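Novice: Following the working numbering, the numbering of the sequence shown begins with 108 at its first residue and continues without gaps.
No residue lacks a Cβ here, since even glycine has one placed at the ideal position from N, Cα and C.
Note that the coordinates shown come from a computational prediction; the quantities given were computed from them, not determined experimentally.
This structure is in structure tokens; I'll ask about it shortly.
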Amino acid sequence: MDSKKQWVGGISAEVYWDWVEINDFWLKENYRGKGLGGHLLDVVETKAKEKGAKKALLSTFEFQARKFYEIHQYKVVGEIKDYPPGSSYYTMVKELKH
């Protein structure tokens, strides 16, 4: 939360079957590019490893955060082209190092 008690971002995930699935992850535009997103992702991955997760799974659109996740060692394992029209939808996975 910011100084005005407004949400600036959040992340939600579930751990099951030795995986962590990141479901929702967002930051307000003016908070991006400052390391906060990477920090949140690290926290989730660390907590997931503590619960036994060996891999992480998420999905994103081409116009959203694919490049951000690739910087954090996520790899594209699936793509739905032209969803939405003119873009792609990706499934991405990361091996979590213990």
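1. Hey, would you say F168 sits closer than 9 Å to P191, going by beta carbons?
2. Answer with buried or exposed for V127, where buried requires no fewer than 16 other C-beta atoms within 10 angstroms of its C-beta.
3. What are the residues that DSSP puts in a beta bridge with G116?
4. What residue ranges within the region 119-185 form continuous beta strand (DSSP E) runs of no fewer than 3 residues, ordered along the chain?
5. Taking K204 as part of the beta strand (DSSP E), name the residues at either end of that continuous run.
Specialist: Walking through what the data contain:
1. Along the sequence shown, read from residue 1 onward, the residue named residue 168 stands at position 61. Along the sequence shown, read from residue 1 onward, the residue named residue 191 stands at position 84. It is a contact, given that the beta carbons lie within the stated cut-off.
2. As a first step, residue 127 must be located in the sequence shown, where it is residue number 20. Buried, since its Cβ has 16 or more Cβ neighbours within 10 Å.
3. As a position in the sequence shown, residue 116 is number 9, starting the count at 1. Assignment of beta-bridge partners to G116 by DSSP yields L134.
4. 126-134 and 162-168
5. Here residue 204 corresponds to residue number 97 of the sequence shown, with the count starting at 1. For K204, there is no enclosing beta strand (DSSP E), as DSSP marks it with neither H nor E.
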